[in-house]
Amino acid sequence: MNVIDERLQPILNTVLHRNAGEPEFHQAAREVLESLGRVVTKHAEYSEDALIERICEPERQIIFRVPWIDDQNQVRINRGFRVQFNSALGPYKGGIRFHPSVNVGIIKFLGFEQTFKNALTGMPIGGGKGGSDFDPKGRSDREIMRFCQSFMVELHRHIGEYVDVPAGDIGVGAREIGYMFGMYKRLNNRYEAGVLTGKGLSYGGSRARKEATGFGTVYFVRSMLARHGTDFDGKRCVISGSGNVAIYAMEKVRAFGGKVVACSDSGGYIVDEAGIDLDLVKRIKEVERGRICDYTALRGSGCHYIEGGSIWDVPCDVALPCATQNELSEADAKTLVENGVMAVAEGANMPCTPTAVQLFREAKVLFAPGKAANAGGVATSALEMQQNASRDSWSFQKTEERLAEIMHGIHEACDETADEYGVPGDYVTGANIAGFIRVAEAMRALGVI
Ligand code: NDP
Ligand code: 2IT
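Per our numbering: the sequence shown = residues 1 to 449.
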């Protein structure tokens, strides 16, 4: 575990005390604070006026009841959240997660990470996150619609194009965004396209938004590999998850000449040495909303499914955890290192445990933290806002070119910041410091609010 600067320890103590029982938020705050010792040494002004304490405290936290009626006519109750973390750089911006594990601590960690991630994109967006402990698995389309509508009946009071702009995350894609946008439009009686991003293309969505997070992660890895004199050509890749981020990461790895040999869902993982058949994964996950275990029967011979277990047992050159927080443990990191992994990039938010990250660092594995590597999704959301505000619609090519530029810019910012602060090659410290400085500069200008 890294040591934390003695000037920052009291701030972490306050976070731990004030947010008792929220381990994911503690973990995210500790990681950022561990990076900031070097900054307060060089720039005493950033620790004035309790700026760092303020950055660790969400501006607003909203918790609400979400009643809905299932297909058996039973009333169900879930809990909804929106944590509006920091609006120094722009309206709060961040996804909505529907998963039974959601609680206020998880949404807080995601909103905190989002603040620095959004700053790294260089776009005018603050940080926020929302969600519900609603479990969409096995729910009919009508149930999903009624849930999304009820969720928005409360959420609509707190969001807006200039206030807070939600998008998707785990369990929330274009279908859910469509139902939420429909209810928002009805309640407000205005076509405010820029209130949500990740919309479908038929009603104001951006081309390349669906692909953006996965594509962006792979663009980031390409820059990281190039910086170290190599590329994706012929590399074996393992990508966890088989949702939005994982699918489009697989697509881009393949386009860059790499071979994806394994992917997963929460039930287990598949290994296909010939290379994962992406069209089949898309059919199973995007069309049939099925399980990854269905892959083997549909694909025929040459592949196998392992129920449970760890996908990180599969040897690879590049590992991209794209499922959920803390899915890659210290033991997994050890296995990856023993199997010769060269680069690891977090497509998901905080998928590697702190001890796993430490192990990668010690083994000199190239490691890209989520707030840098997966920022392509939210960056393209900001491009969607830009298109909505100008009543325009860009081509796929133009949007993807902007995404590629932004990802390259994030890579350069992390790399140069790491050099400047005396930790060359440390993308974690580079990302934390570069993101922090952008937020801190704006907060200083805006006074104590
Ligand atoms: P999806 O819901 O599309 O896919 C999530 C995938 O991860 C599924 O394969 C799911 O399996 C698996 N998964 C989810 N929770 C768990 C769990 N507790 N244990 C094991 N597997 C799990 O979500 P996304 O692809 O959008 O999101 C994946 C990650 O990327 C998240 O960390 C998210 O915060 C992050 N992210 C997403 C962005 C976006 O634009 N969507 C942008 C930046 C980051 P199963 O179906 O079995 O649950
Ligand atoms: O974690 C994330 O960056 C997202 N879920 C995307 C947020 C967004 O507003 O597009």
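The beta carbon of each residue, even a glycine, is placed where N, CA and C say it ideally should be.
Model, not experiment: these values are computed from the prediction.
Query: Cβ pair Y184, M152 closer than 7 Å; Result: yes
Query: Cβ-Cβ distance between V163 and P91 below 7 Å; Result: yes
Query: heavy atom of the ligand 2IT below 6 Å from K398 C-beta; Result: no
Query: Opposing strand residues paired with L328 [DSSP bridges]; Result: C352
Query: Separation of T213 from Y427, as counted between CA atoms; Result: 18 Å
Query: beta-carbon I311 near the ligand NDP non-hydrogen atom, thresh 6 Å; Result: no
Query: Exposure of G340, with buried meaning 16 or more beta-carbon neighbours within 10 Å; Result: exposed
Query: Status (buried if at least 16 other CB within 10 Å, exposed otherwise) for L120; Result: buried
Query: Nearest candidate by alpha-carbon position, reference E143, set Q72, G182, I449, E211; Result: Q72
Query: Simplified DSSP assignment, three categories, for G138; Result: coil
Query: Residue nearest to Q61 in terms of C-alpha spacing, selected from Q27, A333, F81; Result: F81
Query: Residue range of the unbroken beta strand (DSSP E) whose run includes F256; Result: F256 -> no beta strand (DSSP E), and no H or E assigned at all.
Query: Cβ-based neighbour list, P321, same chain, cut-off 7 Å, excluding 5 preceding and 5 following; Result: S240, E327, L328, E346, G347, A348, P351, C352
Query: Selected residue, minimal CA-CA separation from L225, among A319, A167, G308, N188; Result: A319
Query: Three or more C-beta pairs below 8 Å linking the stretch 17-25 and the stretch 37-45; Result: no
Query: C-alpha gap between F388 and V195, whole angstroms; Result: In the sequence on display, residue 388 carries Asn and not Phe. Rounded to whole angstroms, N388 to V195 spans 9 Å at the Cα level.
Query: Residues bridged to Q84 [DSSP beta-bridge criterion]; Result: R60, G128
Query: C-beta atoms of G198 and F232 nearer than 7 Å; Result: no
Query: Sub-7 Å separation of N118 and G127 beta-carbons; Result: yes
Query: Span of the beta strand (DSSP E) around P485; Result: A query on residue 485 cannot be resolved here, the shown segment of the chain reaching from 1 to 449 and no further.
Query: Integer-rounded CB distance, given that K210 should sit under 8 Å from A167; Result: Rounded, the Cβ-Cβ distance is 11 Å, inconsistent with contact.
Query: V104: first and last residue of the uninterrupted alpha helix (DSSP H) it sits in; Result: 104-121
Query: Close beta carbons around G205, own chain, < 6 Å, minus the five adjacent residues each side; Result: K199
Query: Close-in-space but distant-in-sequence residues of the same chain around R76 (CB under 6 Å, 5 per side omitted); Result: W68, D70
Query: Whether G308 touches G268 by CB criterion (7 Å); Result: yes
Query: Any non-hydrogen atom of the ligand NDP closer than 6 Å to S206 Cβ; Result: no
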